[in-house]
Amino acid sequence: MKRFLCLLLATIMTLSLVACGGGGNENTGNSGSTGDISNAETSDTLTIAVSTDMTSMDPHVGKEIAAVVVTNNIFATLLAKDENGEIIPYVAESWEQVDDVTIDFKIREDITFHDGSPCTAEDVAYSLNRAINSAYVSYIIDYASEAEVLDEYNVRLHLKAPFLGALINLTVPFTAIVPKDIVESDPDGFLEHPIGCGPYEFVEWSHGNYCTLKAYDDYFLGKAKTENITFRIIPEASQRTIALENGEVDMIYDLAVNDIPIIESNPDLQLYQNESVTTWYLALNCQDPILSDVRVRQAIAKAINVQEIIDSVLYGAGTPANSLIPPSCIGYPGDDMPYYEQDIEGAKELLAEAGYADGLQLELAFQEDATRAAVCQILQNQLSQIGIDLSLNICDGSTYTFRANEGEFQMMFHFWICAAGHGDYQQYSLLHSSQQGAAGNRSFYSNPEADEYIMNARQTMDEEVARENYRKLEAIVDEEVPCVELLYTTLNVGATKNVVDFQMDRAGYHNLETVVVYE
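In the working numbering, the protein residues as written are 6 to 524.
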């Protein structure tokens, strides 16, 4: 991380021109087994089991991981990260920091979209401006005011203020490049029939069943190794593992922690595992008549024993969280920041002060998944110890996302992936008052002082200044509890031994163009 930070600061502060290079997304973790199968025939299809249906194929709308694991292979971003997390060219072959608030990008001239049309500065500027104005993903790029076309293959990005993450945010899939003419002609159709310039082109989406992609022959970095990809939607974790054991699928994302021993004990399977950049938390709707009382929110935080969740559901594969920012990310406020600790009597006293000495009823919503259900059942039991009768509302992915965005839930069990690798991605998205609803702040939290610290951290080139502001922010949110930070997770993927050259992305947005499957 120190090496990465040095590169990032040097890139921005020295206003350097970066030379040409390769593309692709950040990959970490083991690269797969080659064993004795290298002389075998290769398969033309990679089949991956996923837990949830896609929400949208438009990268500026469908930001949930269920969508991004697919769209990340259809679209390309302006910049990318290599296996060391360092920023490299992708759609842009080079860039120049003109001044603290101006960056020029030179676009590659050999890129075509999947319909054969060329990708030009018009498409790039349109895409960035569209993301800036998107109600769903603006938080990732609204540090910029406008992308301007300079000529056919040059774009200028105007920033509102200096920002440490200006370049790295352009590697996040939500800033992907889309074809201007096609999107403008049918934006609603683009939600289900995407056209990008990435390694794979869209073929078919059968809602609730599967989605298929095909390698794009004219992909500008060379055709992907495997011709076809099928994402099979299998909601039940144990069924995904059985499908892998039976050879029905080649890989499974969302591998349940309790299924890890099954993978490790099977000589025909392999486990990919790495530290993730994901934080699990409870979002408490601060506009709800009951939860608007800070004492109720504080009582909920005091009722929870995170270690019980880690031990009983995750088999120890997780660590308690003391911030929404994961420890490996730039701006993490530090191990010395306080953690929520269980205090049953203190929680009861707070509820009594709030007028709920005889208890109260609340609802906790979560997206359908066996692991999430197990976590929420533990939370239900823990909150019952302080007199909260917690009902569980299990939703399919689309329903959960829509209702959470509209503020229809009291409490939500949620997770947030720090895809950009720095604290602004978490704190601005989840806590700033301007980001309420679909943008990420599903607690509907608003505090001018908290907003000020978030913006101070956002508008600096100094990591220490950012971290200090995040520490001040933590003191406020620990007191006001718009979110209850639970834990940081590991990332687990299962595969057959026939899968090679797969490398993990810590955010879970795995790029599949290098993967080969042997028969």
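We put the CB at the ideal spot given by N, CA and C, even for glycine.
Residue THR76 holds the alpha-carbon nearest to the alpha-carbon of GLU209 among ILE422, CYS381, LYS502, THR76. Pairing ARG377 with GLY67, the inter-Cα distance amounts to about 21 Å. The C-alpha of HIS212 is placed about 16 Å away from the C-alpha of ASP193.
LYS502 is the residue among LEU517, GLU232, LYS502 whose C-alpha sits nearest the C-alpha of ALA45.
Around the beta carbon of ALA229, 16 or more other beta carbons sit within 10 angstroms, so the residue counts as buried. Restricting attention to ALA357, LEU388, ALA359, the CA atom closest to the CA of GLU368 is found in LEU388. DSSP places PRO266 in the uninterrupted alpha helix (DSSP H) bounded by 265-270.
ALA500 and TYR277 do touch by the CB rule: their CB atoms are close to 7 Å apart, below 8 Å. GLU468 sits away from ILE309, with the two beta carbons spaced by 9 Å or more. When C-alpha distances from GLN292 are compared across ILE137, SER451, ASN516, THR495, the shortest belongs to SER451. Between PHE80 and ILE182, the beta carbon gap of about 7 Å places them in contact (Cβ cut-off 8 Å). Excluding residues up to 5 positions away in sequence, MET417, HIS419, ARG447, SER448, CYS488 lie with their Cβ nearer than 6 Å to the Cβ of ALA288 in the same chain.
From the listed residues VAL505, LYS165, ALA97, the smallest Cα separation to GLU157 is found for ALA97.
Nearest Cα to ALA220 within the set ASN78, VAL504, THR60: ASN78. Residues of the same chain with a CB within less than 6 Å of the CB of LEU133, apart from the 5 flanking positions on each side, are ALA152 in chain order. Here DSSP, grouped into helix, strand and coil, assigns GLY213 to coil.
By the Cβ-count criterion, VAL74 is buried, with 16 or more other Cβ atoms from all chains shown falling within 10 Å of its own Cβ. Counting only the Cα atoms, TYR458 lies some 43 Å from LEU218. A residue is called buried when at least 16 other Cβ atoms come within 10 angstroms of its Cβ; VAL505 meets this threshold and is buried. By the criterion of a C-beta distance shorter than 6 Å, THR50 is surrounded in its chain by ASN233, once the five residues flanking it on both sides are discounted. Contact between the stretch 343-354 and the stretch 428-447 is not established, with fewer than three Cβ pairs separated by less than 8 Å. Between ALA352 and GLN415, the C-beta gap is not smaller than 9 Å, which leaves the two residues out of contact. Secondary structure at VAL177: coil, using DSSP grouped into helix, strand and coil.
Per DSSP, reduced to three states, the secondary structure at LYS68 is coil, with no helix or strand assignment.
The beta carbons of VAL129 and ILE146 sit no closer together than 9 Å. ASP109 sits in a strand when the DSSP states are folded into three classes. ALA443 and ARG408 have their C-alpha atoms roughly 10 Å apart. In terms of Cβ geometry, PRO64 and PRO178 form a close pair [threshold 9 Å]. A distance below 6 Å between beta-carbons, with the five flanking residues on each side excluded, links ALA242 to the following residues of its chain, in chain order: ALA261, ALA375. A direct Cα-to-Cα measurement between ASP259 and ILE70 gives close to 11 Å.
In the DSSP assignment, ASP104 falls within the beta strand (DSSP E) that extends over 97-104.
Under the criterion of beta carbons closer than 8 Å, ILE173 and ALA54 do not qualify as touching, at roughly 31 Å. Looking at THR52, GLU253, ALA425, TYR405, the one whose alpha-carbon comes closest to that of ILE330 is ALA425. Taking 8 Å as the upper bound for CB-CB distance, ARG463 and PHE168 are in contact here, some 6 Å apart. Secondary structure in the stretch 194-266: the beta strand (DSSP E) runs of 3 residues or longer, each lying completely within the stretch, are 205-211, 215-220, 233-238 in chain order.
In this structure, DSSP gives TYR458 a helical state, which the three-state scheme calls helix.
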